[in-house]
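Notes follow once the structure below has been shown.
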Amino acid sequence: MRILITGSKGQLGTELQRILSAGTADIGPIPEAYRDAVVFATDVDTLDILDAEAVEAMVAETQPELIINCAAYTNVDACESHPDLAMRLNAEGAGILATAAQRQGATLVHVSTDYVFSGVDPRPRVEGDVPDPQSVYGKTKLAGEQLVAEASSKCHIVRTAWLYGLVGNNFVKTILGLAREKNSITVVDDQCGNPTNANDLAYEILRIAQSTAYGIWHCTNEGTCSWFDFASAIVDLAGVPCEKLPCTTEEFPRPAPRPRYSSLENARLEAMLGNEMRPWRDALKSYLEQLSLEQQ
Ligand SMILES: NC(=O)c1ccc[n+]([C@@H]2O[C@H](COP(=O)([O-])OP(=O)(O)OC[C@H]3O[C@@H](n4cnc5c(N)ncnc54)[C@H](OP(=O)(O)O)[C@@H]3O)[C@@H](O)[C@H]2O)c1
1072 MRILITGSKG QLGTELQRIL SAGTADIGPI PEAYRDAVVF ATDVDTLDIL
1122 DAEAVEAMVA ETQPELIINC AAYTNVDACE SHPDLAMRLN AEGAGILATA
1172 AQRQGATLVH VSTDYVFSGV DPRPRVEGDV PDPQSVYGKT KLAGEQLVAE
1222 ASSKCHIVRT AWLYGLVGNN FVKTILGLAR EKNSITVVDD QCGNPTNAND
1272 LAYEILRIAQ STAYGIWHCT NEGTCSWFDF ASAIVDLAGV PCEKLPCTTE
1322 EFPRPAPRPR YSSLENARLE AMLGNEMRPW RDALKSYLEQ LSLEQQ
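If you're matching positions, the sequence shown starts at 1072 in my numbering and goes up one per residue.
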């Protein structure tokens, strides 16, 4: 199988490459169909998804059967001050890829977010729930979902949340740094969601990509917690002693509004493929073990 990955140097793109090259993810071997996959891993330095001509040329040259779009403008707060750039990358770039995928006859996996929901009422969201994004990031990601669905007849939109991987910065690394440096962490306790290990997500994306049940999928690790619960588990599992203080959203204001409750239910995964996502604490434990090995 020939696979084109965009944004491949990011958290998810890196994990996809790792499991495709190893033949296995942390939670199990990847499907047989990917064993001899030829992977074309690109990022902005080799394929800018905003450059339609370059995207068409890359697709024509590599002839992928599967395109996985991991490129995005993921800095939620920066999106508020750069809404045009966010709309271009999260929506227009995704549409450009979808158009090229359609011309090629390739399946497209496009990754989206829990932030497409407002999170006002505390109820896990299923794929058919009506989105109502509150932030620029959420609005631009929803626009991306719509453009992709319009342009591609073979597309899977996979919504995930609170993602952490081995490369780049993320909440887990930030909390570990603060705990070690200050021996104290203060974290919001009134926003809830699903921490998700990028390696687990990469594994499920490869399973989803084999399905012809195109459409929206929710895919996060199992269980809902607050950022404070997540941070507490990070320092406890990593064995970093520190003071843990909960705070409210009002006490920790950010430029972008966050959903108070954006838990996603992996409903289609459960019903159609069997949901193999682990409980979030198990996935975090395995991530912390790998992170500590990488840092030795
Ligand atoms: N991170 C989360 O917590 C989270 C939560 C829910 C959903 N998601 C979604 O999951 C997906 C993967 O997220 P991630 O955390 O892996 O993202 P990431 O680590 O920020 O990676 C995104 C990659 O895209 C690259 N990129 C930027 N502009 C590009 C362009 N014009 N053309 C091609 N590549 C470009 C980035 O390069 P530079 O670094 O050089 O800009 C980066 O390597 C995204 O769709 C995101 O919206 C993420």
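Here a beta-carbon is modelled for each residue, glycine too, at the ideal position from N, C-alpha and C.
Small disclaimer: the values here were computed from a predicted structure and weren't measured.
Between L1091, G1081, Q1281, L1335, which lies nearest to W1351 when the distance is taken from Cα to Cα? On the sequence shown, position 280 is the one that residue 1351 refers to. The option with the nearest alpha carbon to W1351 is L1335.
Checklist entry - Heavy atom of ligand 1 less than 7 Å from the Cβ of T1245, yes or no? => result Locating residue 1245 in the sequence shown gives position 174, where the first residue counts as 1. No, ligand 1 has no heavy atom inside 7 Å of this Cβ.
**Study point:** N-terminal and C-terminal residue of the alpha helix (DSSP H) that F1323 is part of
**Key:** Along the sequence shown, read from residue 1 onward, the residue named residue 1323 stands at position 252. Looking at the DSSP string, F1323 is not in any alpha helix (DSSP H), and its letter there is neither H nor E.
Legend entry - Burial state of R1230 (16 or more Cβ within 10 Å): As a working mapping, residue 1230 is identified with position 159 in the sequence shown. It is buried - the Cβ of R1230 has at least 16 other Cβ atoms within 10 Å.
Roughly how many angstroms separate the alpha carbons of D1107 and S1363, rounded to a whole number? Translated into the one-based positions of the sequence shown, residue 1107 becomes position 36. Translated into the one-based positions of the sequence shown, residue 1363 becomes position 292. Taking the straight line from one Cα to the other gives about 30 Å.
* Asked: In three-state DSSP terms, what is Y1105?
  -> Within the sequence shown, the letter at position 34 stands for residue 1105. DSSP places Y1105 in helix when its eight states are reduced to three.
Using only the alpha-carbon positions, how far apart do P1109 and R1073 sit? Position 38 of the sequence shown, counted from the first residue, corresponds to residue 1109. Position 2 of the sequence shown, counted from the first residue, corresponds to residue 1073. In the sequence on display, residue 1109 carries Val and not Pro. Those two C-alpha atoms are separated by around 5 Å.
(message) Is G1078 near ligand 1 - that is, is its Cβ less than 7 Å away from at least one heavy atom of it?
(response) Stepping through the sequence shown from its first residue, residue 1078 is reached at position 7. Flag set: Cβ of G1078 near ligand 1.
Worksheet entry | Rounded straight-line distance, which links the Cα of G1248 to that of I1228 | As a first step, residue 1228 is located in the sequence shown; it is residue number 157 there, counting from the start. As a first step, residue 1248 is located in the sequence shown; it is residue number 177 there, counting from the start. When rounded, the distance between both Cα atoms is 33 Å.
| message | Are there any heavy atoms of ligand 1 lying less than 7 Å away from the beta-carbon of G1084, as far as the coordinates show? | response | Numbered from its first residue, the sequence shown carries residue 1084 at position 13. The answer is yes for G1084.
Examine ligand 1 and report whether any of its heavy atoms sits within less than 7 Å of the Cβ of A1142. Here the question's residue 1142 lines up with position 71 in the sequence shown. The answer is yes for A1142.
TODO: Say whether the segment 1242-1258 touches the segment 1203-1219, bearing in mind that this needs 3 or more beta-carbon pairs closer than 8 Å, one atom from each stretch.
DONE: no
- Query: Just checking my contact of A1169 with V1219 at CB under 8 Å: how many whole Å lie between their CB atoms?
  - Reply: Residue mapping note: residue 1169 aligns to position 98 of the sequence shown, counting from 1. Residue mapping note: residue 1219 aligns to position 148 of the sequence shown, counting from 1. 4 Å between Cβ atoms; contact.
Taking 8 Å as the cut-off, decide whether the C-beta atoms of C1389 and G1078 are in contact. Here the chain covers residues 1072 to 1367 and nothing more, so residue 1389 does not appear.
What number of angstroms, rounded off, separates the C-alpha of R1329 from the C-alpha of V1201? Here residue 1329 refers to the residue found at position 258 of the sequence shown. Here residue 1201 refers to the residue found at position 130 of the sequence shown. C-alpha separation (whole angstroms): 17 Å.
Self-check item: DSSP beta-bridge partners of F1111
Solution: Walking along the sequence shown from the start, residue 1111 turns up at place 40. Answer by DSSP bridge pairing, in chain order: L1075.
Anyone know if the C-beta pair for H1289 and R1339 falls short of 8 Å?
One-based indexing of the sequence shown puts residue 1289 at position 218. One-based indexing of the sequence shown puts residue 1339 at position 268. Yes, they are a contact pair.
Delimiting residues of the beta strand (DSSP E) encompassing T1257 | Position 186 of the sequence shown holds residue 1257. Segment 1255-1259, the beta strand (DSSP E) holding T1257.
Cβ separation of A1125 and D1116, assumed to be a contact under 8 Å, to the nearest whole Å
The residue you call residue 1125 lines up with position 54 of the sequence shown. The residue you call residue 1116 lines up with position 45 of the sequence shown. Contact doesn't hold; Cβ gap of about 12 Å is too wide.
Taking 7 Å as the limit between beta carbons, can you name the residues of its chain near E1365, skipping five residues before and five after?
Here residue 1365 refers to the residue found at position 294 of the sequence shown. These residues qualify, in order along the chain: L1237.
**Q.** Cβ pair count under 8 Å reaching 3, the segment 1157-1174 against the segment 1290-1301
**A.** no
So, with DSSP's three-state summary, where would you put K1080?
Residue numbering aside, residue 1080 sits at position 9 when the sequence shown is read from its first letter. In the structure shown, K1080 falls within a coil segment according to DSSP collapsed to helix, strand and coil.
In the structure shown, what three-state DSSP assignment does K1244 receive?
Against the sequence shown, residue 1244 aligns to sequence position 173. In the structure shown, K1244 sits in a helix (DSSP, three-state: H, G or I).
Three-state secondary structure (DSSP) of C1226:
Working through the sequence shown from its first residue, we reach residue 1226 at position 155. C1226 falls in the strand class under three-state DSSP.
Please classify N1240 as buried or exposed, where buried requires at least 16 neighbouring CB atoms within 10 angstroms. Along the sequence shown, read from residue 1 onward, the residue named residue 1240 stands at position 169. Exposed.
- So what's E1347 in DSSP terms, helix, strand or just coil? For the purposes of this step, residue 1347 is taken as the residue at position 276 of the sequence shown. Secondary structure at E1347: coil, using DSSP grouped into helix, strand and coil.
message: So, for R1349: in the same chain, excluding its five sequence neighbours on each side, which residues have a beta-carbon less than 7 Å away from its beta-carbon?
response: Position 278 of the sequence shown, counted from the first residue, corresponds to residue 1349. Closer than 7 Å at Cβ, skipping near neighbours: I1098, D1271, N1292, E1293.
(message) Please list the terminal residues of the continuous beta strand (DSSP E) segment that includes N1140.
(response) Here the question's residue 1140 lines up with position 69 in the sequence shown. Per DSSP, N1140 belongs to the beta strand (DSSP E) from 1137-1140.
_Secondary structure, beta strand (DSSP E): runs of 3+ residues fully inside the segment 1295-1319_ = Look at the segment 1295-1319 and you find these whole runs of beta strand (DSSP E), each 3 residues long or longer: 1314-1318.
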